[in-house]
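Asks: From first to last, the protein sequence lines stand for chains A and B. The first sequence runs 0 to 180 under numbering that gives the first Met the number 0. The second sequence runs 0 to 271 under numbering that gives the first Met the number 0. For each residue, glycine too, the CB sits at the ideal point set by N, CA and C. On a predicted model such as this, the values are computed, not experimentally measured, just so you know.
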Amino acid sequence: MKRTPIVLGGTLAGLIGVLLFRTTPSHTSFTTLPGAASVSGTATTPASAASAAPAKKASSKKTSSKKTSGKQAAGATPTATASGNLASSTRSATGPEVNYNWGVLSVKVTVSGKKITNVAIAMLDDGGNPRSQMIDQQSIPILEQETMQAQSASIQSVSGASYTSAGFVQSLQSALQTLGV
Amino acid sequence: MPPAHPVHHLEDVMGTIVTIDVYAAAEVTGSGLDVLHGQLARAQAVLHHADEVFSTWRPDSPVSRLRRGEISLAQAPAEVAEVLEACAAARELSHGWFDPWAMPGGVDPTGYVKGWAAQQALVAFSDAAFSDAAFSGAAVSGAIVNAAGDIASFGGLGNAQPFRVGIADPAAPRRLAAIIELTGAIATSGTYERGNHLIDPHSGQATSGAASASVTGPDLGLADALATALAVAGQPGLALIEALDGYEALVIGFDGGKRWTKGFPLVELSRI
Chain A
0 MKRTPIVLGG TLAGLIGVLL FRTTPSHTSF TTLPGAASVS GTATTPASAA
50 SAAPAKKASS KKTSSKKTSG KQAAGATPTA TASGNLASST RSATGPEVNY
100 NWGVLSVKVT VSGKKITNVA IAMLDDGGNP RSQMIDQQSI PILEQETMQA
150 QSASIQSVSG ASYTSAGFVQ SLQSALQTLG V
Chain B
0 MPPAHPVHHL EDVMGTIVTI DVYAAAEVTG SGLDVLHGQL ARAQAVLHHA
50 DEVFSTWRPD SPVSRLRRGE ISLAQAPAEV AEVLEACAAA RELSHGWFDP
100 WAMPGGVDPT GYVKGWAAQQ ALVAFSDAAF SDAAFSGAAV SGAIVNAAGD
150 IASFGGLGNA QPFRVGIADP AAPRRLAAII ELTGAIATSG TYERGNHLID
200 PHSGQATSGA ASASVTGPDL GLADALATAL AVAGQPGLAL IEALDGYEAL
250 VIGFDGGKRW TKGFPLVELS RI
């Protein structure tokens, strides 16, 4: 197992753009491992909300529409005690460990109010095979690309940034749901 | 009203993520959406088929077997010969700077295949189905297939604006180094994510002549091959692209300096 810290900032709008897949059947599916999400931070969400929702989401296919994603997110929203300080508090959550093509990973996200201030790989186990290591080295740019797009609303795509597996997005999505954003 | 964006899909294939986006003049609903989803399914199938045939990572793929000499070109699926023929043409056009036959481990068309597959996938959205009655009220205005930063497209946004595409800054991958108005395809090669993975076909050594090289043109397969060539050749290679009809290029040096061919479709910063 190795740890790969990857840091990026971006607007929440950009990330939500990534997470709301508007369509369709995919050949990819993800499996959640036992143990699911963990939460830490200055305005921590209740543990019950943290552990239940992400596991459910991560085992579903990445086919959610805007509407269904909204509902699932609502189901995972922390209770009012946590949301009272949401506007200014710094909170972080780690998504469930998700199987991707070449191993297992999980993603940790930190938000301040509604702004994502940090996204990092919390755990990455690629089994050490050369193929997966090459892919891992492409690192997290799926998020970076979509963040760039969100920051510059005037572009539709980015050339030159390559991606890691969609498993990253899967774990991130769960972490965000844990935080109720 | 902002242009409609009825499809935004991520497909996990070819060891990377391929994003597929479709734009329309108005929201697509009902049977129009069914047509779009059918096209999307075809595009997905094209990508997975290309992966199965051309993967050099799958030991049982036809290309892997060809590389090991277990099958002849005639025994491989027909598209293998088609792709190798296109690779030979790209080798010629690039004066040998792109050369799949000079790779370690035998012929490796990977530098062409990703772009070729994305271009093939795009066809799923641009064929006769567009004239289907289902689209009479919500014409698709354009589509983008982005295979790990190599982009095939047609058309533009539903409000008659062309697509704009950012080129990632090789020195800071979260930033953009340039923005272009896209007609057709753009491929970018360089040292963004994988370190120094390019091989100089003339010496067989790992090398890199530029931090990043982007090539635009009508066909993403060729643009991909030419971008690979240009990333190895560096700035002097721009003359090769300048001489090619329909293809333009931008090279970013290790010092961040940019050089481009006369027709490269840069958007001036003042217009962004």
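Going residue by residue through the region 177-253 of chain B, where are the continuous beta strand (DSSP E) segments of at least 3 residues, counting only ones entirely within it?
Replies: DSSP runs (the beta strand (DSSP E)) wholly in the region 177-253 of chain B: 184-189, 211-216, 247-251.
Asks: So which residues on chain A does Ala-151 of chain B lean against when the C-beta distance must stay under 7 Å?
Replies: To locate residue 151 of chain B, count along the second sequence from 1; it is residue 152. Result: empty, since nearest Cβ-Cβ is about 10 Å, beyond 7 Å.
Asks: Are the region 8-24 of chain B and the region 58-75 of chain B touching, with three or more C-beta to C-beta distances below 8 Å?
Replies: Cβ pair count under 8 Å is below three, so no.
Asks: Out of curiosity, what's the CA-to-CA distance linking Leu-243 of chain B and Lys-107 of chain A?
Replies: Stepping through the second sequence from its first residue, residue 243 of chain B is reached at position 244. Stepping through the first sequence from its first residue, residue 107 of chain A is reached at position 108. Leu-243 of chain B and Lys-107 of chain A: Cα-Cα distance of roughly 47 Å.
Asks: Which one of B:Asp-98, B:Ala-167, B:Gly-255, B:Val-214 has the shortest CA to CA distance from Phe-263 of chain B?
Replies: Sequence index remark: in the second sequence, residue 263 of chain B carries index 264 (1-based). Here the closest residue by C-alpha is B:Val-214.
Asks: Taking contact to mean at least 3 C-beta pairs separated by less than 8 Å, is the region 149-157 of chain B in contact with the region 73-93 of chain B?
Replies: No, because fewer than three Cβ pairs between the region 149-157 of chain B and the region 73-93 of chain B fall closer than 8 Å, the two stretches do not touch.
Asks: Can you give me the C-alpha to C-alpha distance between Arg-41 of chain B and Thr-89 of chain A, rounded to a whole angstrom?
Replies: Sequence index remark: in the second sequence, residue 41 of chain B carries index 42 (1-based). Sequence index remark: in the first sequence, residue 89 of chain A carries index 90 (1-based). Rounded to whole angstroms, Arg-41 of chain B to Thr-89 of chain A spans 44 Å at the Cα level.
Asks: Using only alpha-carbon positions, find the residue among B:Pro-2, B:Leu-249, B:Val-12 that is nearest to Asn-145 of chain B.
Replies: The sequence position of residue 145 of chain B within the second sequence is 146, counting from 1. Asn-145 of chain B has its Cα closest to that of B:Val-12, out of B:Pro-2, B:Leu-249, B:Val-12.
Asks: Taking Cβ positions, are Ala-248 of chain B and Phe-97 of chain B nearer each other than 8 Å?
Replies: For this step, residue 248 of chain B is matched to residue 249 along the second sequence. For this step, residue 97 of chain B is matched to residue 98 along the second sequence. Going by C-beta atoms, Ala-248 of chain B is not nearer than 8 Å to Phe-97 of chain B.
Asks: Could you tell me whether the region 179-189 of chain B touches the region 154-165 of chain B, where touching means 3 or more Cβ pairs closer than 8 Å?
Replies: Contact between the region 179-189 of chain B and the region 154-165 of chain B is present, because at least three Cβ pairs lie under 8 Å.
Asks: I'd like to know whether the C-beta of Asp-98 of chain B is nearer than 8 Å to at least one C-beta of chain A.
Replies: Translated into positions along the second sequence, residue 98 of chain B becomes position 99. It does not: the Cβ of Asp-98 of chain B has no partner Cβ on chain A nearer than 8 Å.
Asks: Could you check which residue in B:Phe-253, B:Pro-103, B:Gly-157, B:Gly-155 has the C-alpha nearest to that of His-201 of chain B?
Replies: Walking along the second sequence from the start, residue 201 of chain B turns up at place 202. Of B:Phe-253, B:Pro-103, B:Gly-157, B:Gly-155, the residue nearest in Cα terms is B:Pro-103.
Asks: For Pro-99 of chain B and Gly-110 of chain B, which I take to be in contact (beta-carbon distance under 8 Å), what is that distance rounded to the nearest angstrom?
Replies: What you label residue 99 of chain B is simply residue 100 of the second sequence in a count that begins at 1. What you label residue 110 of chain B is simply residue 111 of the second sequence in a count that begins at 1. Confirmed, Cβ separation roughly 6 Å.
Asks: Tell me whether Arg-289 of chain B sits in a helix, a strand or coil according to DSSP, three-state version.
Replies: Coverage of chain B is limited to positions 0 through 271, which leaves residue 289 of chain B absent and any answer about it impossible.
Asks: Under 8 Å, Cβ to Cβ, is there at least one residue of chain B near Val-97 of chain A?
Replies: As a working mapping, residue 97 of chain A is identified with position 98 in the first sequence. It does not; no Cβ of chain B falls within 8 Å.
Asks: For chain B, check one thing: does any of its Cβ atoms lie closer than 8 Å to the Cβ of Ser-59 of chain A?
Replies: Numbered from 1 along the first sequence, position 60 holds the residue referred to as residue 59 of chain A. Confidence at Ser-59 of chain A is low in this model, with a pLDDT of 34, below 50, so its placement is unreliable and the value that follows should be read with caution. No, Ser-59 of chain A does not count as interfacial toward chain B.
Asks: Who are the near neighbours of Leu-237 of chain B in its chain, counting only those whose CB is closer than 8 Å to its CB and skipping five residues on each side?
Replies: Start at 1 with the first residue of the second sequence, and residue 237 of chain B comes out as number 238. Hits under 8 Å: Leu-229, Ala-248, Val-250, Arg-258, Trp-259, Thr-260.
Asks: Quick check: the Cα distance between Gly-31 of chain B and Gly-208 of chain B, rounded to an integer number of angstroms?
Replies: Locating residue 31 of chain B in the second sequence gives position 32, where the first residue counts as 1. Locating residue 208 of chain B in the second sequence gives position 209, where the first residue counts as 1. Each residue's Cα considered, the two are about 47 Å apart.
Asks: If you draw a straight line from the alpha carbon of Pro-108 of chain B to that of Arg-67 of chain B, how long is it in whole angstroms?
Replies: Indexing the second sequence from 1 puts residue 108 of chain B at position 109. Indexing the second sequence from 1 puts residue 67 of chain B at position 68. Spanning the two alpha carbons is a distance of roughly 14 Å.
Asks: Whole angstroms is fine: what's the gap from Glu-84 of chain B's alpha carbon to Ser-105 of chain A's?
Replies: As a working mapping, residue 84 of chain B is identified with position 85 in the second sequence. As a working mapping, residue 105 of chain A is identified with position 106 in the first sequence. Between Glu-84 of chain B and Ser-105 of chain A, the C-alpha separation is close to 43 Å.
Asks: Short of 8 Å in beta carbon distance, which residues of its chain neighbour Ala-116 of chain B, apart from the five on each side in sequence? Order them along the chain.
Replies: As a working note, residue 116 of chain B is residue 117 in the second sequence. Around Ala-116 of chain B: Met-13, Val-45, Leu-46, Ala-49, Asp-50, Phe-53, Ala-146.
Asks: Is the CB of Ser-111 of chain A under 8 Å away from at least one CB in chain B?
Replies: For this step, residue 111 of chain A is matched to residue 112 along the first sequence. False, the Cβ-Cβ gap to chain B never drops below 8 Å.
Asks: Excluding five sequence neighbours on each side, which residues of the same chain lie with their C-beta closer than 6 Å to the C-beta of Pro-217 of chain B?
Replies: Taking the first residue of the second sequence as position 1, residue 217 of chain B is located at position 218. Closer than 6 Å at the Cβ level, and outside the excluded window around Pro-217 of chain B, lie Gly-183, Gly-245.
Asks: Are Ala-159 of chain B and Gly-189 of chain B close, meaning C-beta to C-beta below 8 Å?
Replies: Within the second sequence, numbered from 1, the residue matching residue 159 of chain B stands at position 160. Within the second sequence, numbered from 1, the residue matching residue 189 of chain B stands at position 190. No, they are not a contact pair.
Asks: So Thr-109 of chain B is in the beta strand (DSSP E); what residue range does that whole segment cover?
Replies: Sequence index remark: in the second sequence, residue 109 of chain B carries index 110 (1-based). Looking at the DSSP string, Thr-109 of chain B is not in any beta strand (DSSP E); the run it does join, the alpha helix (DSSP H), is 109-125.
Asks: Looking at the C-beta of Asp-20 of chain B, does it have a partner C-beta in chain A at a distance below 8 Å?
Replies: Taking the first residue of the second sequence as 1, we reach residue 20 of chain B at position 21. Yes, because at least one Cβ of chain A sits closer than 8 Å to the Cβ of Asp-20 of chain B.
Asks: What is the rounded straight-line gap between the Cα of Glu-241 of chain B and the Cα of Gly-159 of chain A?
Replies: Here residue 241 of chain B refers to the residue found at position 242 when the second sequence is read from its first residue. Here residue 159 of chain A refers to the residue found at position 160 when the first sequence is read from its first residue. Taking the straight line joining both Cα atoms gives about 21 Å.
Asks: In terms of alpha-carbon separation, which member of B:Leu-221, B:Ala-89, B:Leu-39, B:Thr-15 lies closest to Trp-56 of chain B?
Replies: Along the second sequence, one-based indexing puts residue 56 of chain B at 57. Minimum Cα distance to Trp-56 of chain B is reached at B:Thr-15.
Asks: Return helix, strand or coil for Thr-89 of chain A, following the three-state DSSP convention.
Replies: The count along the first sequence starts at 1 and reaches residue 89 of chain A at position 90. Looking at Thr-89 of chain A - three-state DSSP - the assignment turns out to be strand.
Asks: How would you list, in chain order, the residues of chain A whose beta-carbon sits under 9 Å from the beta-carbon of Ile-143 of chain B?
Replies: Position 144 of the second sequence, counted from the start, is the residue given in the question as residue 143 of chain B. Within 9 Å Cβ-Cβ: Gln-155, Ser-156.
Asks: May I have the straight-line CA-CA distance separating Gln-137 of chain A from Asp-199 of chain B, to the nearest angstrom?
Replies: What you label residue 137 of chain A is simply residue 138 of the first sequence in a count that begins at 1. What you label residue 199 of chain B is simply residue 200 of the second sequence in a count that begins at 1. Residue confidence for Gln-137 of chain A is low, a pLDDT of 43 falling below 50, so the modelled location carries little weight; the figure read from the coordinates is stated next. Taking the straight line joining both Cα atoms gives about 22 Å.
Asks: Check the Cβ-Cβ distances between Gly-159 of chain A and every residue of chain B, and say whether any is below 8 Å.
Replies: In the first sequence, the residue the question calls residue 159 of chain A occupies position 160. Yes, its Cβ sits closer than 8 Å to a Cβ of chain B.
Asks: Quick check: what's the CA-CA separation for Val-27 of chain B versus Leu-175 of chain A?
Replies: Translated into the one-based positions of the second sequence, residue 27 of chain B becomes position 28. Translated into the one-based positions of the first sequence, residue 175 of chain A becomes position 176. Near 29 Å, if we compare the C-alpha coordinates of Leu-175 of chain A and Val-27 of chain B.
Asks: For Ser-111 of chain A, which residues of its own chain have a beta-carbon under 6 Å away from its beta-carbon, when the five flanking residues on both sides are left out?
Replies: For this step, residue 111 of chain A is matched to residue 112 along the first sequence. Excluding sequence neighbours, Ser-111 of chain A sits near Thr-89.
Asks: How would you label Ser-140 of chain B, buried or exposed, when you count the other beta carbons within 10 angstroms and need 16 or more for buried?
Replies: Taking the second sequence and counting its residues from 1, one reaches residue 140 of chain B at position 141. It is buried - the Cβ of Ser-140 of chain B has at least 16 other Cβ atoms within 10 Å.
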